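Trainee: Per my numbering, residue 1059 is the first one in the sequence shown, and the count goes up by one each step. Encoded as structure tokens, here's the structure I'll be asking about.
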Amino acid sequence: MEKVIRLLKSIVPFRSLDEAVLREVGTEMYFKEFPAGVYVFRQGDPSQNLLYIVIEGTAEVTVRSGRGMETVVGYRRKNDFFGETVVLTDQKYPGSVRAKEDLTCLVVPRKIFERLMHHYPDVADFFSRVLLDRMRTLYEEIVAEQAHAVHGRGAEALFRRRVKELMSSPVITCRLGDPVSRVARVMADRNISAVIVVDGDGRPVGIVTERDLVAELIARPVKKVEECRVETVMKPELVTIAASVYLHEALLKMIKYGVKHLAVMEDGRLAGIISVVDLVKARGTGTFWVAHRIESQQTIAGLSEVGREVDNFLNALVAEKAGAREIMDIMSELNDALTRRVIALCEQEMRERYGPPPVDYCWVTMGSAGRREQTLRTDQDNAIIYDDPEDAETVEAADYFHRLGIKITDALVRCGFAECPGGVMSAYPEWCQSLAQWKERVQRWIFRGEPEDVRMLTILLDFRLVYGTETLAEKLWRAVFQTLKARGGAPHFMAGDDVHLRPPLSLFGGFVTERSGKHKNQINLKTAACLPIVNCVRIFALKYGLTETSTLGRLRLLAGMGAMPRDDIEFIEAAYETLMMFRIRSNLAKLDRNETPDDYINPFELSKREQAVLKDAFSVIPRLQKRTAGEFGEFWRLYLPS
């Protein structure tokens, strides 16, 4: 016993435990010896439910390929662990461990390991980090391999280089009150396309570009050039970005705000400037030019053609070694840009035929698009919220926006976004309503809580503004949270929508697949794996009053609010990104075979390594569901796995 206590006191994370705890658990630990060359366990064996700690000697970790070739992939030496991932995930062993030389291990039975994980956060955090690191490593390897398969050796600039590596610095600036003629000479002499305007304290307050000079001084001159000052031509809406972020985030901002220059900030000061030309040099042009093509289209037919380019761009992103998070961000921005242009053209047609909108309105998207997770153009989930009209104009307003909703929905279909089979579209009156009507529906759904109410509420609560008056969306969110508060807090009843969602792993760590039909031996990654995570994270977001709708964005904000341990959130994020990357890869492969993308995957066609990382990702589901059950009371325990 004393030897066990002494050893545990020298090993992270056990050394953080009190001696009384070590004595209690140490009685059920034991030593086991393995002669050189003997296997502790073999790849594919069921779990022994034991954690091994090396005390003396060396163990080697091996992996057997599909052809039967065994390769050493790592070693475990004194105070190292092995077997922890299988104990944590209930899987079969993804590799083998054998004694390279005579080996002595301290063995920790699973029931002791789980007790320590449950009661002592330091132990739980340490081993969660172990599993997270393994998943991230495998995920990055799979991303790299997929990039090579799609496009050979992909360029990584957008996703591996930071803004500060490419920005122009020091920045050429001018001050308020400077003559425009002087600024023009500086731009010509320095061969630059923009100058940042700063105030007396050196803070950036605007930007002057070549286009501004041409537009203000040549195309529509209002005074002599020599009389013009900087404030006459500058744009005060200066878009900034942090020096530390990756280049793809600069690209996203340029698309979102329709600009070609960003002021780069570091530690609260102006550090540089980055332009679309800089991204051209970094091979980051495709996304920007697709967005530019979208904005320049004057017809729905033209947008339909560009829409196909948006889908094709997904392959390019994979080839550039973009991760799932970056792919979702960029594809969402492009789909949003396409949708906004569709709405603008439809609104223009309505103005020409029926006049301007009778009241302010906004158009919101829901479902995977609302969560910024729609990588391919799939079916629509959208709605219109319009401001409350005067009583005498109620019928007129409803008719106007119903016509607009039909027009937008039809145009989106022409642009590749299929109709929603469930009719969740602004073309239908129940999804095209005034703010007051929306508030009334939300109250009914939350207070009544029937299964259909829960389903409708779940759909709505991923809504995100794409076009129109932002305050209307904000007011609806406020109504949601006020109603939840009046009902007594987070909607426990929403658990009912999650009853059938179980992780696709058996008790013995094998894959649970469809048993018959066209998808026999396959798993639907969206419904079986992603949606359980989406649903649980949404509940936490509601409790903490978050209007963010993306799953990864919600997790980031929840981490900042201390809603869950940061290590747990990082584990969930890694699992979700992994699942999304498998979905993206599978759907692209089906497109290449002229098949319809459907989120199904056959896990038995994956490599051993891919199967291991997929199982690691699946293992987060019951852990998150248990945490949700603990957070939201006994009702959840009726529906979530124990």
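Glycine included, every Cβ here is placed at the ideal spot set by N, Cα and C. Keep in mind it's a predicted model, so treat the numbers as computed, not measured.
Would you call the CB atoms of D1160 and P1093 closer than 7 Å?
Mentor: Cβ atoms of D1160 and P1093: closer than 7 Å.
Trainee: Are the region 1666-1679 and the region 1619-1639 touching by the rule of at least three beta carbon pairs closer than 8 Å?
Mentor: Verdict: yes, contact present.
Trainee: What does a CB cutoff of less than 6 Å around E1431 pick up in its chain, not counting 5 residues either side in sequence?
Mentor: Within the same chain, E1431 has close Cβ partners M1386.
Trainee: Compute the Euclidean distance between the alpha carbons of I1706 and S1362, then round it to the nearest angstrom.
Mentor: No information on residue 1706 is available, as it lies outside the stretch 1059 to 1700 that the chain covers here.
Trainee: From V1570 to Q1101, what distance separates their C-alpha atoms?
Mentor: Those two C-alpha atoms are separated by around 20 Å.
Trainee: Cutting at 8 Å between CB atoms, please list the residues of its own chain near V1364, excluding the five before and the five after it.
Mentor: Excluding sequence neighbours, V1364 sits near V1348, R1351, I1352, Q1355, L1396.
Trainee: For N1373, does the three-state DSSP call read helix, strand or coil?
Mentor: Note: N1373 maps to helix in three-state DSSP.
Trainee: Using the beta-carbon count (16 or more within 10 Å), is H1306 buried or exposed?
Mentor: By the neighbour-count rule (16 or more Cβ atoms within 10 Å), H1306 is buried.
Trainee: Using the DSSP secondary-structure output, state which residues sit across from R1522 in a beta bridge.
Mentor: Bridge partners of R1522: T1423.
Trainee: Would you report the Cα separation of F1539 and L1616, rounded to the nearest angstrom?
Mentor: Taking the straight line from one Cα to the other gives about 17 Å.
Trainee: Which partner residues of S1333 appear in the DSSP bridge assignment?
Mentor: Beta-bridge pairing links S1333 to H1319.
Trainee: Is G1132 helix, strand or coil when you go by DSSP?
Mentor: In the structure shown, G1132 sits in a strand (DSSP, three-state: E or B).
Trainee: In whole angstroms, what separates the C-alpha of K1666 from that of K1150?
Mentor: Approximately 11 Å between the Cα atoms of the pair.
Trainee: State the start and end residues of the unbroken beta strand (DSSP E) segment that holds E1118.
Mentor: Looking at the DSSP string, the run of the beta strand (DSSP E) that includes E1118 is 1117-1122.
Trainee: Considering just the uninterrupted stretch of the alpha helix (DSSP H) at T1397, what are its terminal residues?
Mentor: T1397 -> alpha helix (DSSP H) spans 1382-1412.
Trainee: Taking only heavy atoms of the ligand SAM into account, decide whether any of them is closer than 6 Å to the Cβ of F1092.
Mentor: Looking at this structure, you won't find the ligand SAM or any other ligand, since it has none at all.
Trainee: Closest to Y1412 by C-alpha separation, out of D1457, I1517, L1519, would be which residue?
Mentor: The candidate whose alpha carbon is nearest that of Y1412 is D1457.
Trainee: Measuring CA to CA, which of Y1110, V1155, E1091 is closest to A1117?
Mentor: With distances taken between Cα atoms, A1117 lies closest to V1155.
Trainee: Could you give the C-beta distance for T1541 and Q1501, rounded to a whole number, given that I count them as a contact under 8 Å?
Mentor: Right, their Cβ atoms sit about 5 Å apart.
Trainee: Under the assumption that A1469 contacts I1299 (Cβ atoms under 8 Å), give the Cβ distance between them as a whole number of angstroms.
Mentor: So it is not a contact: roughly 33 Å between Cβ atoms.
Trainee: Buried or exposed for P1561, going by 16 or more other Cβ atoms inside 10 Å?
Mentor: With 16 or more other Cβ atoms within 10 Å, it is buried.
Trainee: Do V1119 and G1141 have their C-beta atoms closer together than 7 Å?
Mentor: No; because the gap between Cβ atoms is not below 7 Å, this pair is not in contact.
Trainee: Given a threshold of 16 other Cβ atoms within 10 Å of its Cβ, counted over all protein chains shown, does H1176 qualify as buried or as exposed?
Mentor: Exposed.
Trainee: Figure out for me which residue from R1064, I1063, N1107 has the closest Cα to the Cα of L1565.
Mentor: The residue with the shortest Cα to Cα distance from L1565 is N1107.
Trainee: With a Cβ-Cβ cutoff of 7 Å, do L1080 and I1069 count as a contact?
Mentor: For L1080 and I1069, no; Cβs fall outside 7 Å.
Trainee: Apart from the five residues just before and just after V1417, which ones in its own chain have a Cβ nearer than 7 Å to its Cβ?
Mentor: Same-chain partners within the cutoff: Y1444, D1445, P1447, A1455.
Trainee: Could you give the distance in angstroms between the alpha-carbon of I1250 and the alpha-carbon of C1232?
Mentor: The straight-line gap from Cα to Cα measures roughly 13 Å.
Trainee: In angstroms, rounded to a whole number, what distance separates the CA positions of K1061 and R1187?
Mentor: Near 28 Å, if we compare the C-alpha coordinates of R1187 and K1061.
Trainee: Spell out the partners DSSP gives R1327 in its beta bridges.
Mentor: Answer is E1324, bridged to R1327.
Trainee: How many angstroms separate the CA atom of K1543 from the CA atom of L1493?
Mentor: Going from the Cα of K1543 to the Cα of L1493 covers about 19 Å.
Trainee: Compare the Cα-Cα distances from P1228 to each of I1401, V1221, P1179, L1328 and report the closest residue.
Mentor: Nearest option by C-alpha distance: L1328.
Trainee: Just list the beta strand (DSSP E) runs in the region 1237-1277, keeping only unbroken ones of 3 residues or longer that don't cross its boundaries, in chain order.
Mentor: With a minimum length of 3 residues, the continuous beta strand (DSSP E) runs that stay inside the region 1237-1277 are 1252-1256, 1262-1267.
Trainee: Please specify which runs of the beta strand (DSSP E), each continuous and at least 3 residues long, are wholly inside the region 1452-1485, giving them in chain order.
Mentor: DSSP runs (the beta strand (DSSP E)) wholly in the region 1452-1485: none.
Trainee: Using the beta-carbon count (16 or more within 10 Å), is D1449 buried or exposed?
Mentor: D1449 comes out exposed.
Trainee: Report all residues from its chain with a CB closer than 7 Å to the CB of R1641; omit the five preceding and five following residues, and keep chain order.
Mentor: Cβ neighbours of R1641 beyond the five flanking positions: L1583, K1584, D1657.
Trainee: What are the boundary residues of the alpha helix (DSSP H) that N1645 is part of?
Mentor: First-last of the alpha helix (DSSP H) with N1645: 1624-1650.
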